[in-house]
Structures are given as C-alpha cells and as structure tokens.
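In the working numbering, the protein residues as written are 10 to 296.
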C-alpha cells in the first residue's frame, strides 16, 4: 500500500482506458497473480503470472526512445529466454513499430478486451436498445418494493464480504478461480478508504443481496472492479448496475466494466449492455 503513490504517478501520465492501469487492480490481485514490479530506465515494469503464463505489461512512463533499453533489461532479467508482453493497446503497437521494429507479430487477446460504456446509458437505460434492461429493473422494483440501496462503508463492508464468500462458495466446484476472486474482493473492501474505492449495495429484508464497487481512473473514466448479486432475484443484477452508476458516477462519461475472461455467460451479459467501444489488447513474444 505504501507504493500506491508511485503507481498513481505513472498511471496519471497518460489517459489510460485499460482496467489494468490502476493500482487497485494490481494490489487486490497481487497474490493470485504473483504481481511484481520494478523501475527501469524511468519506466514502471509490471510482471504478472496468470493461469501459469508469466508476462510483463508494456512499460509505463519514460520516453519512447528508451524502449529498446527497457527490452534489453528484460532480456537480461529473463536470461535471454523468450518472454511475453501482454496488454498491448493499438496505440502502443504504433509506438513499438517505431522504436521496436524487430517485433512484428501481435496476437489478439479477445478474452481480455475491456467493455466500455457511456455512463449516461447505464444510468438511465433509456432508448430502444435498453428496453429489455429497463424491464428487468422494473420487475425487480415491483417484486421488491421495500429494497434499500446504500453506499458501501467501513461499517457495512463486512456484510458484503460475507455475501461474496457465500456467492463464491456455491460456485467453487465449477470454477476454482472464484477462490482467488473472493480473496481479491476481501482485500479491496478491507482497504476501501485507502484505495479510494466507492461502492453500493442492495438490501432486501435487511440482508445484502447485491453489491458492486469501482473507482475513478481519470476525468472521463470509471473502472467497475466487481459486481455480485443473488441470481435468484429477478432483475437484481440490472438494478445494482443502474443504481450504482446513477447514484455514484452520474457525472462520468465512460464506464469500464472490465473483460469477460472468455466466459461465455459473462461475454453475453456484457455485450447485452451495448458497449460504446472495446479497449482492444494484444500479446507478443520477445525471442
């Protein structure tokens, strides 16, 4: 946590729209994904291991002319063995072409593309393309007229953690990664104020049945890190989504709801909200 100002400084040098370009993402997943970092030639280097694959993110900060020096330092670190760079944006490819011309192959990483929506659309659900979502919210409100929405605070965050534990436990047999996700959620909520996270929850009959949280990444973009709801309550996912954006981020232009990780159900759900654009990401191998 003491390193947060270092990351914030690097991530504020440009207006990044990717969900990995903030301290919270790296901090809450650091144990699950074995996150390491270093400074080289004025650049922030981040190394991650996901599903057994170790890679680095493109260097943050520094000047483009130093990119060959950074790559040389990484080659030395990896002892001249091939290594991968993930999370390469389309504009980054153009920089690489100019300053790292030996890299010629880039692979689409569709499972990790971020979904970015207009905040106004998520807050109002107005128009024909959101007619179905609006109906889901209306059904929820009709069937649960006494529901309560409230911000997440240090006083009620433990209820959200307990709900998350229960939610993940029920699905752990089908998806082992949820154990990691629960740990990340717990770390985030226990450091709510230090991470400058804002969240919201919905109670039904006094019990937390849904919660979500995120943070402002720059003057135009909010990252929604997590959204959990009881799937047995009709329209609850749509309701927590709309309530959170409308009540917390009504002045923000874009909402990044992160990637779908290649999960079919999650992809269908995120596509159904009609993203304004995708933050496309690519991978490459340095040989």
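Heads up, the beta-carbon is just placed ideally off N, CA and C, and yes, glycines get one too.
Can residue 211 and residue 158 be called in contact, C-beta distance under 8 Å? Result yes, Cβ atoms of residue 211 and residue 158 sit closer than 8 Å.
Given 8 Å as the limit, is there contact between the segment 240 to 257 and the segment 32 to 48, that is, 3 or more CB pairs closer than that? Cβ pair count under 8 Å is below three, so no.
Verify whether the separation of the beta carbon atoms of residue 222 and residue 161 is less than 8 Å. Their beta carbons are under 8 Å apart, which means residue 222 touches residue 161 by this criterion.
Compute the Euclidean distance between the alpha carbons of residue 321 and residue 217, then round it to the nearest angstrom. There is simply no residue 321 to check, as the chain begins at 10 and stops at 296 in what is shown.
Given this structure, state the Cα-to-Cα distance separating residue 194 from residue 82, to the nearest angstrom. Each residue's alpha carbon lies about 34 Å from the other.
Beta-carbon contacts of residue 120 that lie in its chain and below 8 Å, excluding the five residues immediately before and after: Cβ neighbours of residue 120 beyond the five flanking positions: 268, 269, 270 and 271.
So what's residue 66 in DSSP terms, helix, strand or just coil? Residue 66 carries a coil assignment under DSSP once its states are collapsed to helix, strand and coil.
Contact set for residue 105: own chain, Cβ-Cβ below 6 Å, skip 5 residues either direction: Correct list, in chain order: 112.
Could you say if the segment 276 to 293 and the segment 89 to 104 meet the contact criterion of at least three C-beta pairs nearer than 8 Å? The segment 276 to 293 makes contact with the segment 89 to 104, as at least three CB pairs between them are under 8 Å.
Contact defined as beta carbons within less than 8 Å: I believe residue 197 pairs with residue 204. What is the distance between those atoms, to the nearest angstrom? Yes, residue 197 and residue 204 are in contact; Cβ-Cβ is about 7 Å, under 8 Å.
Distance between beta carbons of residue 257 and residue 215, contact taken as under 8 Å: Contact between residue 215 and residue 257 is absent: CB atoms are separated by about 22 Å, not below the 8 Å threshold.
Reference residue 54, options 71, 142, 192 and 285, closest by Cα: Considering only alpha carbons, the answer is 71.
Just to confirm my understanding: we take residue 165, look at its own chain, exclude 5 residues before and 5 after, and list those with CB closer than 8 Å. What are they? Cβ within range, chain order: 159, 210 and 217.
So, using beta-carbon positions, are residue 231 and residue 264 closer together than 8 Å? Contact flag set, yes.
Give the single residue among 20, 237, 122 and 251 whose Cα lies nearest to the Cα of residue 150. Among 20, 237, 122 and 251, the Cα nearest to that of residue 150 is on 251.
Minimum C-alpha distance to residue 174 - residue among 125, 84 and 189: Comparing Cα positions, the closest option is 189.
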